[in-house]
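The opening position of the sequence shown corresponds to residue 2 in this note's numbering, with each subsequent residue numbered one higher.
Think of the CB as a built atom: it goes at the ideal place given N, C-alpha and C, for glycine as much as any other residue.
Here the structure comes first, spelled out in structure tokens, and everything after it is commentary.
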Amino acid sequence: MTKRNPNPDPEIFELTTTRKPEADADTIVLQQGGVPLHDAVQDTLQASADRGAYHIWTIGCQMNVADSNHVAAELERIGYRPTEAMDEADIVVLNTCVVRQSAEDKGIGKASNLKPWKRNRSNRTLALMGCMVGVKPSPQLRARFPHVDVFMPPSEPGPLITHLQQDQIAAESALFETEQIAHRHAMQDIVQPAGAGQSIRHLAVNGEAAVTAHVPVVYGCSHACTFCIIPFRRGIERSRPVDEIVSEVRGLVAQGVREVTLLGQIVDRYGHDWRNGTENGSLPSRQPDLADLLHAVHEVEGLWRIRFLTSHPNYMSDRILEAVRDLPKVCEHIEVPTQAGNDEVLARMKRGYTQAQYRELVDHIRATVPQVAINTDIIVGFCGETDPQFDETYQLLADLKMDKAHLARYSPRPGTVSERRMEDDVPEAEKVRRHKALEQLQAQVCGEINARLLGETVELLIEGQHKGKWRGRTRQNKLVFVNPEDRAGDLRGRLVEAQITWTGPWSMQGRYVQERSPVEA
Ligand code: SF4
Numbered sequence: 002m003t004k005r006n007p008n009p010d011p012e013i014f015e016l017t018t019t020r021k022p023e024a025d026a027d028t029i030v031l032q033q034g035g036v037p038l039h040d041a042v043q044d045t046l047q048a049s050a051d052r053g054a055y056h057i058w059t060i061g062c063q064m065n066v067a068d069s070n071h072v073a074a075e076l077e078r079i080g081y082r083p084t085e086a087m088d089e090a091d092i093v094v095l096n097t098c099v100v101r102q103s104a105e106d107k108g109i110g111k112a113s114n115l116k117p118w119k120r121n122r123s124n125r126t127l128a129l130m131g132c133m134v135g136v137k138p139s140p141q142l143r144a145r146f147p148h149v150d151v152f153m154p155p156s157e158p159g160p161l162i163t164h165l166q167q168d169q170i171a172a173e174s175a176l177f178e179t180e181q182i183a184h185r186h187a188m189q190d191i192v193q194p195a196g197a198g199q200s201i202r203h204l205a206v207n208g209e210a211a212v213t214a215h216v217p218v219v220y221g222c223s224h225a226c227t228f229c230i231i232p233f234r235r236g237i238e239r240s241r242p243v244d245e246i247v248s249e250v251r252g253l254v255a256q257g258v259r260e261v262t263l264l265g266q267i268v269d270r271y272g273h274d275w276r277n278g279t280e281n282g283s284l285p286s287r288q289p290d291l292a293d294l295l296h297a298v299h300e301v302e303g304l305w306r307i308r309f310l311t312s313h314p315n316y317m318s319d320r321i322l323e324a325v326r327d328l329p330k331v332c333e334h335i336e337v338p339t340q341a342g343n344d345e346v347l348a349r350m351k352r353g354y355t356q357a358q359y360r361e362l363v364d365h366i367r368a369t370v371p372q373v374a375i376n377t378d379i380i381v382g383f384c385g386e387t388d389p390q391f392d393e394t395y396q397l398l399a400d401l402k403m404d405k406a407h408l409a410r411y412s413p414r415p416g417t418v419s420e421r422r423m424e425d426d427v428p429e430a431e432k433v434r435r436h437k438a439l440e441q442l443q444a445q446v447c448g449e450i451n452a453r454l455l456g457e458t459v460e461l462l463i464e465g466q467h468k469g470k471w472r473g474r475t476r477q478n479k480l481v482f483v484n485p486e487d488r489a490g491d492l493r494g495r496l497v498e499a500q501i502t503w504t505g506p507w508s509m510q511g512r513y514v515q516e517r518s519p520v521e522a
């Protein structure tokens with residue numbers, strides 16, 4: 002179960018992730034070629050059940066949420082159960098974020114406050130994860146938090162699992178070794194059933210399989226925008242192999258997931274890190290890109306919807322847009338931040354494009370993909386941003402009428418280029434004023450866009466309930482609530498049609514019309 006705590010910054014999630022144990026949470030069925038491994042191995046894994054309780058606190062972006070879910074899955078795999086009470090936990094994981102000062106302060110506060118928790122029982126484990134740790138924890142960080150047992154880079158549950166399992170890993174490895182030899186011998190005598198493989202367990206929400214899931218496809222970022230700490234914390238860009246991603250998506254679908262969001266700091270650069278360009282810039286052989294990945298994931302049977310985020314304007318290729326247009330499972334929803342609408346500010350941010358190019362891209366996306374929703378991010382009050390420069394950003398947003406704008410006030414992040422080399426010279430009160438101006442503008446734009454849907458019938462994937470109503474999202478990622486009285490029975494995980502009966506800037510209400518058949522590959 003993921004609980005959201007109110008956070009004044011709408012861009013930053015603050016969550017407590019716990020997962021209720023499923024009925025079979027202590028049993029992992031390992032099989033290869035359809036042949037269960039030896040009972041002794043199963044016995045060893047079951048013997049590891051109920052090793053204690055864990056608690057994960059998360060702050061930050063969706064990548065952090067995905068990372069925390071991954072850690073939770075790994076901890077349950079080795080026999081730990083979730084608890085909502087930090088005091089009862091044997092393991093606490095703090096998954097941190099440093100994108101905003103407020104988020105970093107909360108992480109530091111949590112880590113510091115856990116000193117007595119750790120002191121009370123020395124066999125407890127405290128793990129610090131995420132952007133505060135970075136690719137490699139600094140000696141200063143270790144010195145500041147001597148009570149932390151494990152420092153984990155983003156997306157890397159390995160150090161914690163290894164710390165918890167040192168003895169057990171050695172014993173189990175020996176068992177697996179013996180068993181695998183026996184298994185290989187057995188396999189030589191049978192015909193391997195098609196498609197059989199190791200079963201994959203996935204997250205449950207309140208004991209039910211999740212309907213949507215995030216799948217990281219590119220880790221890190223090599224772009225180095227001057228305001229951004231991510232490249233220093235998450236390392237250089239690394240794309241995961243297509244096969245590995247497809248296999249993960251298959252595993253998710255087998256457990257009830259119907260929609261996946263492929264994640265990357267610059268997701269449209271997926272595969273670019275594999276390209277060894279030659280001197281004249283030609284590629285020795287074409288490597289898979291995001292369009293190829295979308296095609297491959299689209300083939301997964303039982304998957305109904307695919308999204309991807311976040312894109313960078315410079316890498317949104319026609320191949321990707323055509324994949325969005327042509328593949329029925331890929332939702333018409335693109336997140337492509339502009340960050341500013343003035344060329345000098347964009348150059349100081351080192352974003353690599355002009356406002357004219359961004360406008361052109363938005364027009365091109367809209368011309369290529371009918372009914373597309375385009376979301377953006379904007380930072381106000383960046384170093385040196387004058388009033389007229391801000392006015393250009395305001396005008397850009399007013400002209401382009403984006404479906405959503407994630408707004409932030411600039412705050413220097415230690416270690417970034419802007420923090421080291423530029424002056425944070427826009428007064429806080431002015432940043433607040435600019436932020437508010439964009440907020441009001443965007444509320445009006447969103448209200449107008451949603452109002453056009455009044456009376457229309459939209460497709461919704463129902464993700465769950467909220468205050469007694471069914472909660473679903475359109476293909477454009479717009480939130481719609483449906484009255485349960487319209488249709489008896491459980492709609493969770495169903496694809497339905499709803500007629501929009503009320504619209505506001507941030508959500509809509511709809512009346513259930515009928516169930517819709519999903520697209521199959
Ligand atoms: S593209 Fe820029 S803003 Fe996005 S993660 Fe990379 S450096 Fe940060």
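Bridge-paired residues (DSSP) for residue i
i, result
"Ile-501", "Gly-511"
"Gln-466", "Trp-471"
"Gln-340", "Ile-379"
"Ala-128", "Val-94, Val-151"
"Val-483", "Trp-471, Gly-511"
"Tyr-81", "Gly-53"
"Phe-309", "Leu-263"
"Arg-239", "Tyr-220"
"Val-459", "Ala-499"
"Glu-516", "Val-497"
"Trp-118", "In DSSP, Trp-118 forms no bridge with anything."
"Ala-214", "Val-261"
Pair within 9 Å by beta-carbon distance, residue i and residue j
i, j, result
"Pro-158", "Glu-75", "yes"
"Glu-333", "Ala-297", "no"
"Val-99", "Met-130", "no"
"Tyr-354", "Val-381", "no"
"Ala-341", "Phe-383", "yes"
"His-164", "Ala-128", "yes"
"Ile-1", "Leu-439", "The shown model of the chain, from 2 to 522, leaves out residue 1, and the question about it has no answer."
"Leu-454", "Met-403", "no"
"Arg-306", "Glu-260", "yes"
"Asp-400", "Arg-360", "yes"
"Ile-92", "Ala-54", "yes"
"Ser-156", "Arg-235", "yes"
"Ile-501", "Val-481", "yes"
"Gly-416", "Ile-230", "yes"
"Glu-302", "Val-254", "yes"
"Cys-222", "Arg-352", "no"
Contact test: residue i Cβ vs ligand 1 heavy atom, cutoff 8 Å
i, result
"His-224", "yes"
"Pro-506", "no"
"Cys-132", "no"
"Cys-229", "yes"
"Thr-1", "Nothing can be reported for residue 1: it is not among the residues displayed for the chain, which extend from 2 to 522."
"Ile-267", "yes"
"Pro-154", "no"
"Pro-413", "no"
"Pro-338", "yes"
"Pro-232", "yes"
Nearest-angstrom Cβ-Cβ length linking residue i and residue j, presumed shorter than 8 Å
i, j, result
"Asp-269", "Tyr-316", "4 Å"
"Thr-369", "Ala-406", "Actually they do not touch by this definition, with Cβ atoms about 21 Å apart."
"Thr-311", "Gln-266", "7 Å"
"Val-427", "Glu-393", "Not a contact, Cβ separation roughly 15 Å."
"Glu-238", "Val-219", "6 Å"
"Asn-478", "Arg-512", "Contact doesn't hold; Cβ gap of about 20 Å is too wide."
"Leu-294", "Leu-263", "7 Å"
"Ile-57", "Ala-73", "6 Å"
"Lys-107", "His-148", "About 18 Å; that fails the 8 Å criterion."
"Pro-314", "Gln-358", "7 Å"
"Ala-324", "Gly-257", "So it is not a contact: roughly 25 Å between Cβ atoms."
"Leu-492", "Trp-471", "5 Å"
Cβ-heavy atom distance, residue i to ligand 2, below 8 Å
i, result
"Arg-239", "Summarising the ligand content, the structure contains ligand 1 and does not contain ligand 2."
Run through the segment 249-282 for me and flag every whole beta strand (DSSP E) of 3 or more residues, listed as ranges in chain order. Qualifying beta strand (DSSP E) stretches, in chain order: 260-264.
Taking only runs that begin and end inside the segment 374-432, name each unbroken beta strand (DSSP E) of 3 or more residues, in chain order. Uninterrupted beta strand (DSSP E) stretches at least 3 residues long and entirely within the segment 374-432 occur at 374-381, 405-410, given in chain order.
Segments assigned alpha helix (DSSP H), at least 4 residues, entirely inside the segment 326-370: Runs of the alpha helix (DSSP H) inside the segment 326-370: 344-350, 356-369.
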